[in-house]
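Working notes for the structure below.
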Amino acid sequence: EDQVTQSPEALRLQEGESSSLNCSYTVSGLRGLFWYRQDPGKGPEFLFTLYSAGEEKEKERLKATLTKKESFLHITAPKPEDSATYLCAVQAEETSYDKVIFGPGTSLSVIP
Amino acid sequence: DTGVSQDPRHKITKRGQNVTFRCDPISEHNRLYWYRQTLGQGPEFLTYFQNEAQLEKSRLLSDRFSAERPKGSFSTLEIQRTEQGDSAMYLCASSLGHGANYGYTFGSGTRLTVV
Numbered sequence: 017e018d019q020v021t022q023s024p025e026a027l028r029l030q031e032g033e034s035s036s037l038n039c040s041y042t043v044s045g046l047r048g049l050f051w052y053r054q055d056p057g058k059g060p061e062f063l064f065t066l067y068s069a070g071e072e073k074e075k076e077r078l079k080a081t082l083t084k085k086e087s088f089l090h091i092t093a094p095k096p097e098d099s100a101t102y103l104c105a106v107q108a109e110e111t112s113y114d115k116v117i118f119g120p121g122t123s124l125s126v127i128p
Numbered sequence: 804d805t806g807v808s809q810d811p812r813h814k815i816t817k818r819g820q821n822v823t824f825r826c827d828p829i830s831e832h833n834r835l836y837w838y839r840q841t842l843g844q845g846p847e848f849l850t851y852f853q854n855e856a857q858l859e860k861s862r863l864l865s866d867r868f869s870a871e872r873p874k875g876s877f878s879t880l881e882i883q884r885t886e887q888g889d890s891a892m893y894l895c896a897s898s899l900g901h902g903a904n905y906g907y908t909f910g911s912g913t914r915l916t917v918v
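Protein chains in written order, with my numbering: chain E, 17 to 128; chain W, 804 to 918.
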């Protein structure tokens, strides 16, 4: 069964303290891996799509990387406004193009 | 266009009652998705539409759940005979083309509480 896990479950950082979030996936074939940000009481907001191992995408203080079994979301010098839940999701080759499986998320708190 | 709109934002209902939620997607988006999210979990796929056609339904979507998208515009999700286990955030998203390639645009959700 296709599965997505994320670690840690929660992460507390001081402002400016860089770190990484992990997303591990088990699918028979990966069509794409996605990162979303979700603020409390809101729907997820799309950040990145990664398609193949070795690919990297950047946006402001965030950089997403992909290997054959996992993805990392690196946060450089985070600010309090980066506090949110970060969701990883995958689309497997054997599923329809429109079915995406989400992980449980990592809740990030950045303390001033 | 201000994004994906969902109504109501919150709904409290008694067990056994029927509820209906509405989603207005971004107007030029042809794909519309319903997801359900419980506390501490990621969204779970329920169903999706391409224009007015409902193309896939999750096994999570029991026969008490029905979704429609008349004329390929707004969509409704109805839950009949609600149960306490239906309490969750119901999220709607839309996309232009394959959601994976372009990213989904989510609404802010409808939080359902069944008492």
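Yeah, the Cβ is synthetic: ideal placement off N, Cα and C, and Gly gets one too. Please read these numbers as outputs of a predicted model, since none were measured by experiment.
For G912(W), which three-state DSSP category applies? Within the second sequence, the letter at position 109 stands for residue 912(W). G912(W): coil per DSSP, three-state reduction.
Within 10 angstroms of the Cβ of G910(W), are there 16 or more other Cβ atoms? Answer buried if so, exposed if not. Here the question's residue 910(W) lines up with position 107 in the second sequence. Label assigned to G910(W): buried.
Out of C104(E), F118(E) and P94(E), point me to the one whose CA is closest to L29(E)'s CA. Residue 29(E) sits at position 13 when you count from the first residue of the first sequence. Checking every option, the nearest Cα to that of L29(E) belongs to P94(E).
Tell me whether the segment 809-818 of chain W and the segment 116-125 of chain E touch, counting them as touching only if at least three CB pairs, one residue from each stretch, are closer than 8 Å. Using a Cβ-Cβ distance cut-off of 8 Å, the segment 809-818 of chain W and the segment 116-125 of chain E are not in contact, since fewer than three pairs of beta carbons, one from each stretch, lie closer than that value.
Less than 8 Å between CB atoms is the rule here; does S911(W) satisfy it with respect to chain E? In the second sequence, the residue the question calls residue 911(W) occupies position 108. Chain E, which has a Cβ nearer than 8 Å to the Cβ of S911(W), makes this yes.
If we ignore side chains and look at the alpha-carbon of each, how far apart do D889(W) and F50(E) end up? Translated into positions along the second sequence, residue 889(W) becomes position 86. Translated into positions along the first sequence, residue 50(E) becomes position 34. Straight across, the Cα-Cα distance linking D889(W) with F50(E) is about 27 Å.
Cβ-based burial, R884(W) [other Cβ within 10 Å; buried from 16]: Translated into positions along the second sequence, residue 884(W) becomes position 81. Its Cβ having fewer than 16 others within 10 Å, R884(W) is exposed.
Would you say P60(E) lies against chain W (beta-carbon separation less than 8 Å)? Within the first sequence, numbered from 1, the residue matching residue 60(E) stands at position 44. Judged by the 8 Å Cβ criterion, P60(E) is in contact with chain W.
Determine the DSSP secondary structure at G70(E), reduced to helix, strand or coil. For the purposes of this step, residue 70(E) is taken as the residue at position 54 of the first sequence. Of the three classes helix, strand and coil, the one that applies to G70(E) here is coil, per DSSP.
Chain W residues whose Cβ lies nearer than 9 Å to that of F118(E): Within the first sequence, the letter at position 102 stands for residue 118(E). Taking the beta carbon of F118(E) as reference, the chain W residues within 9 Å of it are Y838, Q840, Q844, G845, P846, E847 and F848, listed in sequence order.
Using the three-state DSSP reduction, which class does K814(W) fall into: helix, strand or coil? Sequence index remark: in the second sequence, residue 814(W) carries index 11 (1-based). K814(W): strand per DSSP, three-state reduction.
Work out the CA separation of G912(W) and G57(E) for me, nearest whole Å. Reading the first sequence from its first residue, position 41 is the one you call residue 57(E). Reading the second sequence from its first residue, position 109 is the one you call residue 912(W). Roughly 8 Å between the two C-alpha positions.
Y907(W): contacting residues in chain E (beta-carbon distance under 7 Å): On the second sequence, position 104 is the one that residue 907(W) refers to. Under the 7 Å cutoff, chain E gives F62.
Quick one: any contact between the segment 39-49 of chain E and the segment 97-109 of chain E, if contact means 3 or more CB pairs under 8 Å? Three or more beta-carbon pairs separated by less than 8 Å link the segment 39-49 of chain E to the segment 97-109 of chain E, which places the two stretches in contact.
I want to see whether chain E comes within less than 8 Å of E933(W), judged by CB atoms only; does it? No statement about residue 933(W) is possible, as the shown extent of chain W runs from 804 to 918 and does not include it.
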